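When we follow this note's numbering, the leftmost residue of the sequence shown carries the number 14, and every step to the right adds one.
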Amino acid sequence: MNLLAVETSTENCSAAVYVDGEIVQISEIAPQKHAELILTMTDLVLKQAGIGKEDLNGIVFGKGPGSFTGVRIAASTAQGLALGLNLRCAGVSSLEALAMQALEGTDEEFAVAAIDARMGEVYCAVYDRCGTYPKALLEPKVLPPEAAVEAVFHALGARSAYAGGSGVELLYAAGLNPNIIKRSDFPDAQMIVKLGAVLFEQGKTCDPENALPLYVRDDVAWKKVSEQGKH
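Printed below as a string of structure tokens:
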């Protein structure tokens, strides 16, 4: 199975290719430049992986939550590529990726993922490693840091955990257990494509027009490719 993934939900812009279990990734911390970088990155990472677009079996994208502009870029890039190549898509939450990056290489079972949502809030979730795909113990929410810390405590109790994401420092400042050690900063396409491969194996994919961002705030609208430009 050959998959291409894009992840642009935070300051990190990245693309990765999964070729029968082997992963090649390109990544760059490039705030405000994702739109101009991501297509070039996809071409380059495909070249490095030694395959062409015609060899792909699917497209994976980081669906958020995160920067509103960033998650739009990833979703629209995935939609455009998948439509042009007649492929299916799978969306992976940026919080799921952060959690699994924090857990990678450890025996720990639980992870807290948090992204700075600005406006005095964080996107936050808690996951159980749970085999090949993480299970949410606290579903993604947008909360003030103090409320997020309380929600994390209710989800975890006294269990140990690792953490990942740009919002973790805000949680520490709001009283998060300092023994929950941060091990990842930004979601990356390498983990997005790894988790996406699991979704493809399980048949949890969608048509390109349904490759939509995950918004935790309720006041954000997104249109499918087929609806964009219509009034």
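Even glycine gets a Cβ: it sits at the ideal position worked out from N, Cα and C.
Fair warning: this is a prediction, and the values are worked out from it, not measured in the lab.
Burial state of residue 215 is exposed, judged by a 10 Å Cβ sphere holding fewer than 16 other Cβ atoms. In the DSSP secondary-structure assignment, residue 92 is not bridged to any residue.
Taking 8 angstroms as the cut-off, the beta carbon of residue 42 is found no closer than this to the beta carbon of residue 78. Contact between the region 87–95 and the region 114–124 is not established, with fewer than three Cβ pairs separated by less than 8 angstroms. Note on the region 118–179: whole alpha helix (DSSP H) runs with a minimum of 4 residues are 158–169, in chain order. Within the same chain, and ignoring the five residues on either side of residue 203 in sequence, the residues whose Cβ sits closer than 7 angstroms to its Cβ are 29, 36, 38. Annotation for residue 76: the continuous beta strand (DSSP E) segment containing it runs 71–77. A straight-line Cα-Cα distance of about 10 angstroms links residue 170 and residue 163.
The Cβ atoms of residue 156 and residue 182 do not sit closer than 8 angstroms to each other.
Per DSSP, the continuous beta strand (DSSP E) segment holding residue 16 begins and ends at 15–20.
Collapsing the DSSP output to three states places residue 106 in a strand. Straight through space, the alpha carbons of residue 137 and residue 102 are spaced by roughly 25 angstroms. Each residue's CA atom was taken as its position, placing residue 74 and residue 212 some 12 angstroms apart.
For residue 214, the enclosing alpha helix (DSSP H) begins and ends at 202–214. Residue environment: residue 110 is assigned as buried (16 or more neighbouring CB atoms within 10 Å of its CB, all protein chains considered). Bridge partners of residue 28 according to DSSP: 19, 39. Secondary structure note for residue 66: it is in no beta strand (DSSP E), with a DSSP letter that is neither H nor E. In the three-state scheme derived from DSSP, where H, G and I count as helix and E and B as strand, residue 230 is classed as coil. With respect to the 8 angstroms criterion, residue 200 and residue 20 are classified as neighbours on the basis of their beta carbons. The shortest CA-to-CA distance from residue 220 to any of 191, 177, 99, 14 is the one to 99. Residue 197 is bridged by DSSP to 177. In this structure, the straight-line span from the alpha carbon of residue 65 to that of residue 59 is close to 6 angstroms.
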